[in-house]
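Read top to bottom, the protein sequences are chains L, F and Z.
Numbering-wise (UniProt numbering), the first sequence opens with residue 1 and increments by one.
Numbering-wise (UniProt numbering), the second sequence opens with residue 1 and increments by one.
Numbering-wise (UniProt numbering), the third sequence opens with residue 1 and increments by one.
For every residue, glycine included, the Cβ atom is placed at its ideal position computed from N, Cα and C.
Each remark here refers to the structure printed beneath this line.
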Amino acid sequence: MENEKSLQIRNVIQNNIKQRGHRADRLMPVVFLMLASISIFTTAGIVLILVTDSIHFFSDVPIKDFFSTRLAPLNAKNPEFGILPLINGTLFTSLIAMAVAIPVGLTAAIFLSEFASEKIRRVVKPIMEVLAGIPTIVYGFFAYSFVTPILMTLIPNLGAKNVISPGIVMGIMIIPMVASLSEDAMSSVPKAMREGAYGLGSTKLEVTLKVVIPAAISGILASFVLAISRAIGETMIVAIASGSSKNFTFDLTQSMQTMTGYIVEFTSGDAASGTTGYYSLYAVGLLLFLFTMLMNLVAQYVSRKFREEY
Amino acid sequence: MNSHPIDIKINPKHTNRRIWLSSASKYLFSLSTVFALVVLGVLIYRIVSDSIGWLNFDFLTNNLSIFPEKAGIKGAIIGSVGLMLVVIPVTLILGVSTAIYLEEYAKKGKLQRFIQINISNLASVPSVIFGLLGLAVFGRALNLGSSILAGGLTLSLLVLPIVVVSSQEALKAVPGFLREASYGMGAGKWTTIRKVVLPVALPGILTGSILAMSRAIGETAPLVVLGIPTLILKIPSSPMDDFTALPIQIYYWTLDTVLTAEYANLAAATIIVLLGVLFILNSVAIVIRNKFQRSF
Amino acid sequence: MNQQHKSETVYEVKGLNLWYGDDQALKDINLKIGKNEVTAIIGPSGCGKSTFIKTLNRMIENIPIVRTSGEILYHGDNIFDKTVRVEELRTKVGMVFQKPNPFPKSIFENVVYGPKIHGIKDKALLMEIAETSLKSAALWDEVKDRLNDNAYGLSGGQQQRLCIARALAVQPDVILMDEPTSALDPIATAKIEELIDTLKEEYTIAIVTHSMQQAGRISDKTAFFLMGELIEFDRTEVLFSNPRDKRTEDYITGRFG
Chain L
1 MENEKSLQIR NVIQNNIKQR GHRADRLMPV VFLMLASISI FTTAGIVLIL
51 VTDSIHFFSD VPIKDFFSTR LAPLNAKNPE FGILPLINGT LFTSLIAMAV
101 AIPVGLTAAI FLSEFASEKI RRVVKPIMEV LAGIPTIVYG FFAYSFVTPI
151 LMTLIPNLGA KNVISPGIVM GIMIIPMVAS LSEDAMSSVP KAMREGAYGL
201 GSTKLEVTLK VVIPAAISGI LASFVLAISR AIGETMIVAI ASGSSKNFTF
251 DLTQSMQTMT GYIVEFTSGD AASGTTGYYS LYAVGLLLFL FTMLMNLVAQ
301 YVSRKFREEY
Chain F
1 MNSHPIDIKI NPKHTNRRIW LSSASKYLFS LSTVFALVVL GVLIYRIVSD
51 SIGWLNFDFL TNNLSIFPEK AGIKGAIIGS VGLMLVVIPV TLILGVSTAI
101 YLEEYAKKGK LQRFIQINIS NLASVPSVIF GLLGLAVFGR ALNLGSSILA
151 GGLTLSLLVL PIVVVSSQEA LKAVPGFLRE ASYGMGAGKW TTIRKVVLPV
201 ALPGILTGSI LAMSRAIGET APLVVLGIPT LILKIPSSPM DDFTALPIQI
251 YYWTLDTVLT AEYANLAAAT IIVLLGVLFI LNSVAIVIRN KFQRSF
Chain Z
1 MNQQHKSETV YEVKGLNLWY GDDQALKDIN LKIGKNEVTA IIGPSGCGKS
51 TFIKTLNRMI ENIPIVRTSG EILYHGDNIF DKTVRVEELR TKVGMVFQKP
101 NPFPKSIFEN VVYGPKIHGI KDKALLMEIA ETSLKSAALW DEVKDRLNDN
151 AYGLSGGQQQ RLCIARALAV QPDVILMDEP TSALDPIATA KIEELIDTLK
201 EEYTIAIVTH SMQQAGRISD KTAFFLMGEL IEFDRTEVLF SNPRDKRTED
251 YITGRFG
């Protein structure tokens, strides 16, 4: 380009830079910070709403009555808001789910990380992802219309709504989560540790049980805790298949309501704003929130506490 | 200490047993993956066989009805589409902006760590709690009731962490030398983000966002908490209208099987439609990931 | 070459110090770069030569923990002055990096990236700029039929020349090159060196290089850095044939580095 033209272009560019100013570069960080703080407001909003509406609730219902076994929110004359039946329901469905998810998830992780060939891994992992991606409402339908009828032929007296069936299906739903988190933990165990054990003549099983799992134990335990948190918070499967019985019972063949099930049932019914019943949703929600947060903290603690330094 | 060398006798039978045990355990462990596979197969078989004869064109285009033979999911489809029309722009704007702030602008420090921890905590809050938040804030305080807008905003907050985290990953994967090249030309930060970083990160951002959408479209609990009415015969025509959506319809029909067994078929047919949508969304995500994601 | 140009000073570095956190990476650097000169900067890895060249257009400030003191005068104005805007400085002082770093866009879009972001919208003018810049970078004949192809389809050497064209498109008067041939094969390297030789007719060039042969072939002056200090700075033939400092001699005779 002739020097003159090149000078011209340079002048245009310099002028543009001088005129345009830094505005975008000063403005955009502020805009993005504002939008990013929405996530903080969301958390703050959750906590605030749960706490304030729970305060409303506890001004109507003494804490002693909240931690009781009598639950009858819709009783017009004498509504009762004991949460223990709900905690029971949550506890038992989650325990059954863990009894399924932990052994199956962990052995699947062991198989995928230590035994399976690359080929099998490439088939199995997407299947796990599909299982993890199925909406929980679908699992709910599956539990209620398929698993329960089968169980009813095996277990006499099993109710159409019961704790066992949703527990099992919830466990199936959580298998991929346990499997993939545990597998991540196991496959990050350095190869050298395995080779050391093989060099001493160990079999694959011995290496897995005595070297890999102990080394990966923090990640594995954390995956269990997160699975519990997931089970406690799971809603649709239990809302459909374990029903809405508010009795305080230990009979797993019968209906029990979970905390999440209570929220879903009560709100989709007639929870008029400002009633004690409406506020009870938030008291139950607060407890649920605290439980899951606690589990997350435990999971973080576990994975930090037992972390092996490789 | 005994100075004699220790005499270790290895019993060959014992060794054989160890080897046998190890190879046997492989099959034992593989059973768990077989179990997962079988469950998936049974689940899909069961739902497909339940829906046969019910899933047809009329089912997709008919309105709801109290007669199972006449019922269709046109309203639920429109409701789900409406929800996505709210969720997509809201989560993209909020999620990508949050990711840009965290990855490009925030100084490594307390505020950045605080937002980051907050997002990972938000991701593990049960979805039903988001329903309570939506009920109190959008439903009652902002008086949006159980409209598409209220539902969409609630779901947006629910899947926000997924979009943020996947967008962060996508931005992190943009190599520093491209940013350097842009700064070297006298580009400012925002210009560099807009012209260089975002275009390169876009496939990753889209993949993550589509996965978030597929989470949102199957989500039921928060919508139920908002108080979506059980039977809506009117097709929604504005974001302020009441609505029903695919998962809601599955929920109510499943509950109604107590009354009429045919409702199970309707629920199964709706599930097939929902799973079909999820399959398409995931396929698109995979195609984008494989086709447009470059490695430098 | 025009003698009066030779005497004009583009850069004058006065007492420049630079720290990464608490580690001092540059210690009291003083040197002058004259117009239309090629200045080579040599020294062993970690001697601060890359840091130094990135200070000349303040790219080094992208690392948050960097602090500087001293002055760098560019045509008499201190570039660290509050009124100086790095955007403006960097359009006058272009940069080419170690590894070719074209954008994942078309060849054309790569070249006109600078003019476009700085507000030139006219299509015909952009095309003209692209053509001249690519010609100046000796790449035009190889790419003129495929300007809309993705830049990553080019070979490494072509990519690096594209990056040079991209830097030229905003009409700078200085080009900083940070080991521009370290990722290239000998043939591509030779082409870049040839190009540098023609570019110095119009531009002032500072080039960091790992190879003393390269410095000897292409530069008018050479600066030798060692552990953050400028040990020796002289006309290239003088520095290589008759170094004043023992450490320079050790380095150029291959005793270390």
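So with CB distances below 8 Å, who are the chain F contacts of I237 (chain L)? Neighbours of I237 (chain L) on chain F: none; closest Cβ ~10 Å, over 8 Å.
Can you give me the start and stop residues for the alpha helix (DSSP H) that N15 (chain L) sits inside? N15 (chain L) -> alpha helix (DSSP H) spans N3 to R20.
Beta-carbon gap between T9 (chain Z) and K27 (chain Z) smaller than 9 Å: Against a cut-off of 9 Å, the Cβ pair of K27 (chain Z) and T9 (chain Z) comes out as no contact.
Taking CB distances under 9 Å as the criterion, tell me whether N162 (chain L) reaches chain Z. At least 9 Å separates the CB of N162 (chain L) from every CB of chain Z.
What residue range is occupied by the uninterrupted beta strand (DSSP E) comprising Q171 (chain Z)? Where Q171 (chain Z) is concerned, there is no enclosing beta strand (DSSP E), given that its DSSP letter is neither H nor E.
Please confirm if V298 (chain L) has its CB atom under 9 Å from at least one CB of chain Z. Closer than 9 Å to the CB of V298 (chain L) there is not a single CB belonging to chain Z.
Using DSSP with H/G/I as helix, E/B as strand and the rest coil, what is Y74 (chain Z)? When secondary structure is reduced to three states using DSSP, Y74 (chain Z) falls in the strand class.
Under 8 Å Cβ-Cβ, which residues of chain F neighbour H118 (chain Z)? For a Cβ distance threshold of 8 Å, residue set G186 of chain F lies close to H118 (chain Z), ordered along the chain.
Contact under 9 Å by Cβ, K116 (chain Z) with E131 (chain Z): Not a contact, by the Cβ cut-off of 9 Å.
Taking DSSP as the reference, what is the three-state secondary structure of F80 (chain Z)? Annotated three-state conformation of F80 (chain Z) is coil, per DSSP.
Classify K305 (chain L): buried if its beta carbon has 16 or more other beta carbons within 10 angstroms, exposed otherwise. Result: exposed.
F243 (chain F) in three-state terms, based on DSSP: Coil at F243 (chain F), not helix or strand.
Assuming E232 (chain Z) and F224 (chain Z) make a contact with CB atoms under 8 Å, what is their CB distance in whole Å? That belief holds up - the Cβ atoms of E232 (chain Z) and F224 (chain Z) are roughly 5 Å apart, short of 8 Å.
May I ask which residues mark the beginning and end of the alpha helix (DSSP H) holding T207 (chain F)? First-last of the alpha helix (DSSP H) with T207 (chain F): L198 to G218.
Taking a Cβ distance cut-off of 7 Å, strictly less, list which residues of the segment 160 to 175 of chain Z are near chain L, in chain order. Within the segment 160 to 175 of chain Z, the residues whose Cβ lies closer than 7 Å to some Cβ of chain L are V170 and Q171, listed in chain order.
Taking the CB atoms as reference points, tell me whether L132 (chain F) and T276 (chain L) lie closer together than 9 Å. For L132 (chain F) and T276 (chain L), no; Cβs fall outside 9 Å.
List the DSSP bridge partners of T260 (chain L). Looking at the DSSP assignment, T260 (chain L) forms no beta bridge with any residue, so it has no partner.
9 Å Cβ cutoff met for R67 (chain Z) and W19 (chain Z): Yes, they are a contact pair.
Rounded separation between K105 (chain Z) and A151 (chain Z) - CA only: For K105 (chain Z) and A151 (chain Z), the distance between alpha carbons rounds to 6 Å.
For a quick check, are the C-beta atoms of residue 311 (chain L) and V169 (chain L) less than 9 Å apart? Because chain L spans 1 through 310 in this model, residue 311 (chain L) falls outside it and cannot be assessed.
Could you give the distance in angstroms between the alpha-carbon of E179 (chain Z) and the alpha-carbon of A25 (chain Z)? Spanning the alpha carbons of E179 (chain Z) and A25 (chain Z) requires a straight line of approximately 18 Å.
State the DSSP-derived secondary structure class of L133 (chain F), mapped to helix, strand or coil. Reduced to three states, the DSSP call for L133 (chain F) is helix.
Can you tell me where the alpha helix (DSSP H) holding N290 (chain F) begins and where it ends? Unbroken alpha helix (DSSP H) run through N290 (chain F): E262 to F292.
Closest residue to P149 (chain L) among L:F66, L:L35, L:P79 and L:T253 (Cα-Cα distance): Ranking the options by Cα distance to P149 (chain L), first place goes to L:T253.
What's the call for S229 (chain L), buried or exposed, on a 16-neighbour Cβ count within 10 Å? Counting Cβ neighbours within 10 Å, S229 (chain L) comes out buried, since at least 16 surround it.
Note down, one range per segment and in chain order, each beta strand (DSSP E) of at least 3 residues found wholly within the segment 43 to 113 of chain F. For the segment 43 to 113 of chain F, not a single whole beta strand (DSSP E) run of length 3 or above is found.
What does R140 (chain F) touch in chain L if you count any residue whose Cβ is under 7 Å from its own? For R140 (chain F), the C-beta contacts it makes with chain L under 7 Å involve S273, in order along the chain.
With respect to the alpha helix (DSSP H) encompassing R235 (chain Z), which residues constitute its N-terminal and C-terminal limits? Segment E229 to R235 is the beta strand (DSSP E) holding R235 (chain Z); no alpha helix (DSSP H) there.
DSSP state of A170 (chain F) mapped onto helix, strand, coil: Helix.
Contacting positions in the segment 100 to 114 of chain L - beta carbon closer than 9 Å to chain C: As a matter of chain content, chain C is missing from the structure shown, whose protein chains are L, F and Z.
Using the Cα positions of S145 (chain L) and A264 (chain F), report the straight-line distance between them to the nearest angstrom. Annotation: S145 (chain L) to A264 (chain F) spans about 8 Å, alpha carbon to alpha carbon.
Taking Cβ positions, are L95 (chain L) and A179 (chain L) nearer each other than 9 Å? No. Outside cutoff.
Should the segment 219 to 226 of chain F be called in touch with the segment 178 to 195 of chain F, which here means at least 3 C-beta pairs below 8 Å? Contact fails: fewer than three Cβ-Cβ distances are below 8 Å.
Following the continuous alpha helix (DSSP H) through E195 (chain L), name the residue where it begins and the one where it ends. First-last of the alpha helix (DSSP H) with E195 (chain L): K191 to G199.
Could you name the residues of the segment 64 to 93 of chain Z whose beta carbon sits closer than 9 Å to any beta carbon of chain L, in the order they occur along the chain? When CB distances to chain L are screened at a threshold of 9 Å, the residues of the segment 64 to 93 of chain Z falling below it are R85, E87, E88, T91 and K92, in chain order.
Does T204 (chain Z) get closer than 9 Å to chain L when you measure Cβ to Cβ? Judged by the 9 Å Cβ criterion, T204 (chain Z) is not in contact with chain L.
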